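Numbering (my numbering), first residue to last: 7 to 302.
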């Protein structure tokens, strides 16, 4: 039987938890979007039903669809977007990130993996990390095994090339740009909705048209729904946090590239400092998602 080294085993566990976190996140994003769409459609259909006439066949259909859409929203929020679901996602992702960090520390020979018992230490730390989420292990059963090779990290330079630069450019900066674009789109939509509400309100006030006035309330609901969605997605927090961490890692990378010290102690200090910065961002992310007064 082929012997698989400890780092490879732990890396596979990281990938398994990472895929599980991705699956839970996709579910949360889908249901958050579904709740937003159902709330908006329900408000629009309810007003349209009154405009058409509740006694007409079309009006009755609209009224029924509105009632169904609005009834679905609280069910989705409780069963698919509740605090327990969000906490499960954050814990699974935190587990994946913690295992990944330990593997990189081990590969680079940083403390506590700089001694002859480095494999035993890695097994012990990884076991402790996974024991803390034993109640969520079932989430990993439905994900496909990830056959991603172990990173080719052996020293400080390979760590900088295969861990730090991709983390800065492909994860933090790219992620900040992605979230900023989403935030801009939603802020633009909020502005358009607010402007539309102002126009409808002015028309209703000057013409006395009751039908127009009814749509002002709908537009207000849509605007509030968009604002709540942006708040729940935490786009602003992610942009600020990602860019701040990218700057910290860039500074560490530049410092490493300008020094000639490649001793094991220097490599260990460099890798540990970088992983600590990434861990702080993960903790900030975790706190932002789990310290709300109520689930969203």
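Here a beta-carbon is modelled for each residue, glycine too, at the ideal position from N, C-alpha and C.
Keep in mind it's a predicted model, so treat the numbers as computed, not measured.
Distance, residue j Cα to residue i Cα
| i | j | result |
| --- | --- | --- |
| residue 26 | residue 12 | 21 Å |
| residue 32 | residue 38 | 10 Å |
| residue 257 | residue 282 | 14 Å |
| residue 112 | residue 194 | 46 Å |
| residue 131 | residue 80 | 41 Å |
| residue 175 | residue 252 | 8 Å |
| residue 271 | residue 166 | 16 Å |
| residue 45 | residue 188 | 20 Å |
| residue 69 | residue 221 | 16 Å |
| residue 21 | residue 47 | 39 Å |
| residue 14 | residue 242 | 36 Å |
| residue 236 | residue 83 | 15 Å |
| residue 299 | residue 265 | The predicted position of residue 299 is uncertain, since its pLDDT is 40 and thus under 50; a value taken from the coordinates is nonetheless stated next. Their Cα atoms are separated by approximately 47 Å. |
| residue 240 | residue 295 | 8 Å |
| residue 158 | residue 110 | 10 Å |
| residue 53 | residue 190 | 29 Å |
| residue 196 | residue 118 | 50 Å |
| residue 208 | residue 219 | 9 Å |
| residue 62 | residue 102 | 56 Å |
| residue 154 | residue 18 | 8 Å |
Cβ shell of residue i (< 7 Å), same chain only, five flanking positions each side left out
| i | result |
| --- | --- |
| residue 225 | 199, 202, 203, 206 |
| residue 97 | 139, 142 |
| residue 285 | 107 |
| residue 280 | 170, 255, 258 |
| residue 40 | 82 |
| residue 231 | 42, 45, 46 |
Residue i: first and last residue of the uninterrupted alpha helix (DSSP H) it sits in
| i | result |
| --- | --- |
| residue 69 | 63-85 |
| residue 137 | 124-137 |
| residue 200 | 180-213 |
| residue 254 | 241-264 |
| residue 110 | 89-114 |
| residue 32 | 12-58 |
| residue 162 | 162-165 |
Spatial neighbours of residue i in its chain, beta-carbon cut-off 8 Å, leaving aside the 5 residues before and after
| i | result |
| --- | --- |
| residue 145 | 26, 29, 30, 94, 98 |
| residue 273 | 114, 115, 116, 161, 162, 165 |
| residue 179 | 248, 249, 252 |
| residue 263 | 166 |
Beta-carbon proximity list for residue i, same chain, < 6 Å, skipping 5 on both sides
| i | result |
| --- | --- |
| residue 49 | 224, 227 |
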